[in-house]
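Residues in the sequence shown are numbered consecutively from 1110, following our numbering.
Here a beta-carbon is modelled for each residue, glycine too, at the ideal position from N, C-alpha and C.
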Amino acid sequence: MSEFQRVRGFHDIFGEEAKKFRYTANLVREKLRLYNFEEILLPVVEYLEVFQRSIGEITDIVQKEMFSFQDRKGRWLALRPEGTAGAVRAYIQNKLYSKPYIKLFYEGPMFRYERPQAGRYRQFHQIGAEVFGSIDPMVDAEVIQLVYEVLSQLRIDAVIEINSIGCKVCRPAYREALVEYFNHIEASLCEVCIDRKDRNPLRVLDCKVPTCKEAVKEVPKMVDFLCEECKEHYSKLKEYLSKLSIPYRENPNLVRGLDYYTKTVFEAVAVEFDLTVIAGGRYDYLVEELGGPPTPAIGFAVGIERLSMLLKDLPMEDPLYVVIPFGDVMDYAFLVAKLLRSEGKRVELSYKRGGLKKQLELANRLGAKYAVIIGEEEKAGGFYTLKYMETGEQLKIELAPTW
Ligand code: ATP
Ligand code: MG
C-alpha cells in the first residue's frame, strides 16, 4: 500500500468512470444551452455567512456538513456545499438584476462533510441552473421539462416528484399544524427531530431515520394549507406538465433539505438505487434576504456522479488510429500523425519500440481500431499502410501531393 491515501470521502475519477462523468456533464450542459442558460463561473469559497443565511441555520448542511475554516485574518470561510447561495450572492453583487430576467448555470465541485457511502461523497460535482426574475409557473414547468429531457436522453429510469411548500402567507399555519402533530407523536421521533421539531418542523419531513420516515406518513399536508396564489401556481404547474406530457408524481411530504425554498419543489428519484439525482425548487425571497431587490427565482442541481453512475452504456467512441513507425522514419511518422489529426481522427503515435508483431500487439492493447504502419518503403513512396485490426485487412493510402 502506498504511503499516501486519498482523503476519506474524496475520489479519483478515471478510466470508464471519467468518460461517463464527462459524457453526462456535457449532455447536461448542451441541454442548458438549448434552453438559453448562460454560464457563470463561481468561486468554490464564500464567506460562511452566505451559506448560513441562505440554507438556514437548522439544516443538516449548516449544522454538520460544512467544510468551514478561518483564513489568516480570522474571517470565517467555507467550501461551498451547494451552488445557489453563491449564485444569488453573485447575482446581487454584479447587479445582474438590471436585465428583465436572467438564466444562469454553473458547474463544479461541492463539499459536504457527510458519511461517505455509495453515491454520497465529501466532494461531488454539480451542474446547477437558476432562473432569476420570473414568478410564472411556466418557468417551473420548463425547468422540470429540461430535467426530464436529460433523464430521458440518458435513458435513466427516474420518477419526478413534485410538491408545493407554500409561501410566507400560507406556510406559518402549516408550520403550526406540524408542530402540534409532532408534539402528539413525539415518542416515535428520533432525538434530532425532537430537538428541531419546534424550530424547524419541516426538516422532520426530510429525516432519513426509518422510524421518522414511518412517523411522518400521516402528517398534515402543505397542499391542504396553500393560499390562493400558491394553489393557483401549483395547479398551473401541473397543467403545464400535463400539456408537455411529462410524467410526475405528487409527493406531499417532499420538502428538500434547505430552508430557502418556496412554492414548487421537485426531485428526480432514480428507481434503481432509490437515490435523488436531480433536485430543485423555487426560492422567491432569497435574493431579497441576501440584500438584493425582491426577485422571484427557481433553480435545480444535478449530481453528476449519481447521474453517471446510472448511465448504462456510453455511445461509441471515435475509432483510434495507432501510428507505428519502423526505422529512420520519425519525421514522416510525425507528419502522418499530424495529417490524420488534422482530419479529425483520434491518433496515438506509438511511444514504444519493437518488431512489427510486438507493435501490433501493443496497438491492440491500446484499443486501436486501425494500425497505421510506417516504414522506409512508406516514407519513400509517400503513403502509409492502414491495417484494420479486426480482420487484418491492409490498405495502401497515398498522401496528398503536398506531402
Ligand atoms: P440527499 O437527500 O441525497 O442528501 P440533498 O437533498 O442533500 O440529497 P441537494 O442538496 O438537493 O441534495 O443536491 C442536489 C443533488 O446533488 C442531489 O440530488 C445529488 O445528486 C447530489 N448530491 C448531494 N449531496 C451529494 C453527495 N454527498 N455526494 C454526491 N452527490 C450528492
Ligand atoms: Mg444531503
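Problem - Closest residue to Gly1408 among Leu1141, Leu1420, Asp1315, Leu1350 (Cα-Cα distance) - result: In the sequence shown, residue 1408 corresponds to position 299, counting from 1. Ranked by Cα distance from Gly1408, the first of Leu1141, Leu1420, Asp1315, Leu1350 is Leu1141.
Exercise for the section: Please classify Asn1272: does DSSP put it in a helix, a strand, or coil? Expected result: Numbered from its first residue, the sequence shown carries residue 1272 at position 163. Asn1272 falls in the strand class under three-state DSSP.
Exercise for the section: Give me the Cβ distance between Arg1063 and Asp1249, rounded to the nearest whole Å; I'm assuming they're in contact under 8 angstroms. Expected result: Examination of residue 1063 is not possible in this model, given that the chain is present from 1110 through 1512 alone.
Exercise for the section: Report the three-state DSSP secondary structure of Gly1476 (helix, strand or coil). Expected result: Residue 1476 sits at position 367 when you count from the first residue of the sequence shown. Of the three classes helix, strand and coil, the one that applies to Gly1476 here is coil, per DSSP.
Problem - Contact between the stretch 1392 to 1402 and the stretch 1217 to 1234 (3+ Cβ pairs under 8 angstroms) - result: Flag = no, the stretch 1392 to 1402 and the stretch 1217 to 1234 do not touch.
Exercise for the section: May I ask which residues mark the beginning and end of the alpha helix (DSSP H) holding Val1328? Expected result: Residue mapping note: residue 1328 aligns to position 219 of the sequence shown, counting from 1. Note, Val1328: premise wrong, no alpha helix (DSSP H); not H, not E.
Handout entry: Option in Asp1437, Leu1419, Gly1453 with minimal Cα separation from Leu1429
Key = The residue given as residue 1429 occupies position 320 in the sequence shown. The residue with the shortest Cα to Cα distance from Leu1429 is Gly1453.
Practice task
Count the other C-beta atoms from every protein chain shown that fall within 10 angstroms of the C-beta of Ser1351, then say buried if there are 16 or more, exposed otherwise.
Solution key: Against the sequence shown, residue 1351 aligns to sequence position 242. Answer is exposed; the Cβ neighbour count stays below 16.
Practice task
Have a look at the DSSP bridge pairing and note the partners of Gly1436.
Solution key: On the sequence shown, residue 1436 is found 327 positions in, with the first residue counted as 1. Residue pairing by DSSP leaves Gly1436 without any beta bridge partner.
Problem - Any non-hydrogen atom of ligand 1 within 8 angstroms of Gly1123 CB - result: In the sequence shown, residue 1123 corresponds to position 14, counting from 1. Position check: residue 1123 holds Phe in this sequence, whereas Gly was assumed. Not under cutoff, so the answer is no.
Practice task
Kindly identify the DSSP beta-bridge partner or partners of His1293.
Solution key: Locating residue 1293 in the sequence shown gives position 184, counting from the first residue. None; His1293 has no bridge partner.
Practice task
Could you tell me if the beta carbon of Asp1169 falls within a distance shorter than 8 angstroms of some heavy atom in ligand 2?
Solution key: The residue given as residue 1169 occupies position 60 in the sequence shown. At least one heavy atom of ligand 2 lies closer than 8 angstroms to the C-beta of Asp1169.
Handout entry: Cβ-heavy atom distance, Met1219 to ligand 1, below 8 angstroms
Key = Here residue 1219 corresponds to residue number 110 of the sequence shown, with the count starting at 1. Within the cutoff, so yes.
Practice task
Using the DSSP secondary-structure output, state which residues sit across from Glu1507 in a beta bridge.
Solution key: In the sequence shown, counting from the first residue as 1, residue 1507 sits at position 398. Paired residues: Phe1492.
Problem - Contact test: Glu1174 Cβ vs ligand 2 heavy atom, cutoff 8 angstroms - result: Residue numbering aside, residue 1174 sits at position 65 when the sequence shown is read from its first letter. Because some heavy atom of ligand 2 lies under 8 angstroms away, the Cβ of Glu1174 counts as near it: yes.
Problem - Residue burial classification, Lys1466 (beta-carbon count within 10 angstroms, cutoff 16) - result: By 1-based counting over the sequence shown, the position of residue 1466 is 357. Exposed is the call here.
Handout entry: Test item: CB-CB of Phe1214 and Glu1239 under 9 angstroms
Key = Here residue 1214 corresponds to residue number 105 of the sequence shown, with the count starting at 1. Here residue 1239 corresponds to residue number 130 of the sequence shown, with the count starting at 1. Yes, they are a contact pair.
Practice task
Could you check which residue in Arg1312, Val1380, Gly1124 has the C-alpha nearest to that of Ile1265?
Solution key: Position 156 of the sequence shown, counting from 1, holds the residue named residue 1265. Nearest option by C-alpha distance: Val1380.
Exercise for the section: Would you check if the stretch 1325 to 1338 and the stretch 1281 to 1295 touch, i.e. whether three or more CB-CB distances between them fall below 8 angstroms? Expected result: The stretch 1281 to 1295 vs the stretch 1325 to 1338: in contact.
Handout entry: Inter-stretch contact at 8 angstroms, needing at least 3 Cβ pairs: the stretch 1480 to 1493 / the stretch 1431 to 1448
Key = yes
Handout entry: alpha helix (DSSP H) runs contained entirely in the stretch 1300 to 1385, provided each spans 4 or more residues
Key = You should have 1300 to 1305, 1319 to 1324, 1337 to 1352.
Practice task
Along the alpha helix (DSSP H) that carries Leu1423, what are the first and last residues, could you check?
Solution key: In the sequence shown, the residue the question calls residue 1423 occupies position 314. If you look at Leu1423, you'll find it isn't in any alpha helix (DSSP H); DSSP assigns it neither H nor E.
Exercise for the section: With DSSP collapsed to three states, give me the class of Leu1429. Expected result: Position 320 of the sequence shown, counting from 1, holds the residue named residue 1429. Strand at Leu1429.
Problem - beta-carbon Tyr1215 near ligand 1 non-hydrogen atom, thresh 8 angstroms - result: Residue 1215 sits at position 106 when you count from the first residue of the sequence shown. Not under cutoff, so the answer is no.
Exercise for the section: Say yes only if the C-beta of Phe1233 is nearer than 8 angstroms to one or more non-hydrogen atoms of ligand 1, and no if none qualify. Expected result: To locate residue 1233, count along the sequence shown from 1; it is residue 124. Because some heavy atom of ligand 1 lies under 8 angstroms away, the Cβ of Phe1233 counts as near it: yes.
Problem - C-beta atoms of Gly1237 and Leu1384 nearer than 9 angstroms - result: Against the sequence shown, residue 1237 aligns to sequence position 128. Against the sequence shown, residue 1384 aligns to sequence position 275. In this structure, Leu1384 does not lie closer than 9 angstroms to Gly1237 by Cβ.
Handout entry: Cβ pair Arg1312, Val1364 closer than 9 angstroms
Key = Residue 1312 sits at position 203 when you count from the first residue of the sequence shown. Residue 1364 sits at position 255 when you count from the first residue of the sequence shown. At a Cβ-Cβ threshold of 9 angstroms, Arg1312 and Val1364 count as neighbours.
Exercise for the section: Have a look at Glu1216 and His1234 and give me their C-alpha separation to the nearest angstrom. Expected result: Working through the sequence shown from its first residue, we reach residue 1216 at position 107. Working through the sequence shown from its first residue, we reach residue 1234 at position 125. About 7 angstroms.
Problem - Pairwise C-alpha distance: Ser1243 and Asp1121 - result: Position 12 of the sequence shown, counted from the start, is the residue given in the question as residue 1121. Position 134 of the sequence shown, counted from the start, is the residue given in the question as residue 1243. Using only the alpha carbons, I get a separation of about 40 angstroms.
Practice task
Using three-state DSSP, classify Met1247 as helix, strand or coil.
Solution key: As a working note, residue 1247 is residue 138 in the sequence shown. Three-state DSSP puts Met1247 in a helix.
Problem - For Phe1443, the three-state DSSP class (helix, strand or coil) - result: Position 334 of the sequence shown, counted from the first residue, corresponds to residue 1443. If DSSP states are grouped into helix, strand and coil, Phe1443 belongs with the helices.
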